[in-house]
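Each remark here refers to the structure printed beneath this line.
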């Protein structure tokens with residue numbers, strides 16, 4: 129059997145896009161950093177999934193709100209990602225770059241894209257919940273900068289495709 133440490137070392141070698149997943153629960157914004165975000169399908173209803181640790185402060189808030197917004201970060205957003213990964217929740221939304229879309233969940237206008245989703249299904253797998261959301265709205269904010277990626281325990285960047 130593979131031990132958790134070796135598994136994590138292997139997964140660190142998989143480059144992943146960095147996203148901030150937000151929700152609005154009882155009129156209070158909540159959010160977390162996620163690298164486990166994937167498309168599920170484009171038809172008949174565009175859907176994506178995000179894997180959220182059940183111990184994350186925003187986990188239960190997303191479930192309660194039944195909606196979330198996935199904001200794709202760009203090169204240079206390292207500090208913002210660190211802010212959302214830190215225990216201090218008070219500073220997470222310190223910016224005027226936030227707006228809201230259909231669900232009310234915060235959407236980051238400075239991100240590459242925002243996917244505003246209605247939570248449709250969940251599956252608990254040990255320490256995480258797989259949350260599937262139907263995409264209700266998409267904003268393609270920017271295409272002039274590389275995405276922020278996470279690999280081997282640090283942030284990195286990819287080139288902008290042409």
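Residue numbers (the working numbering): 129 to 290. Here a beta-carbon is modelled for each residue, glycine too, at the ideal position from N, C-alpha and C.
Check your understanding: Mind checking whether residue 84 and residue 176 have CB atoms under 8 Å apart?
Key -> In this structure the chain extends from 129 to 290, so residue 84 is not present and cannot be described.
Review point. Straight-line CA distance for residue 132 to residue 162?
Key: Their Cα atoms are separated by approximately 19 Å.
Practice item. State the DSSP-derived secondary structure class of residue 188, mapped to helix, strand or coil. Key: helix
Exercise for review: Pull up the DSSP beta-bridge partners for residue 176, would you.
Suggested key: 167, 261
Review point. Which residues bound the beta strand (DSSP E) around residue 235?
Key: 234 to 236
Review point. For the candidate residues 241, 186, 280, 143, whose alpha-carbon lies nearest to that of residue 228?
Key: In terms of CA proximity to residue 228, 241 leads the group 241, 186, 280, 143.
Check your understanding: Can at least three beta-carbon pairs, one atom from the segment 142 to 150 and one from the segment 200 to 209, be found at a separation below 8 Å?
Key -> They touch, by the three-pair rule.
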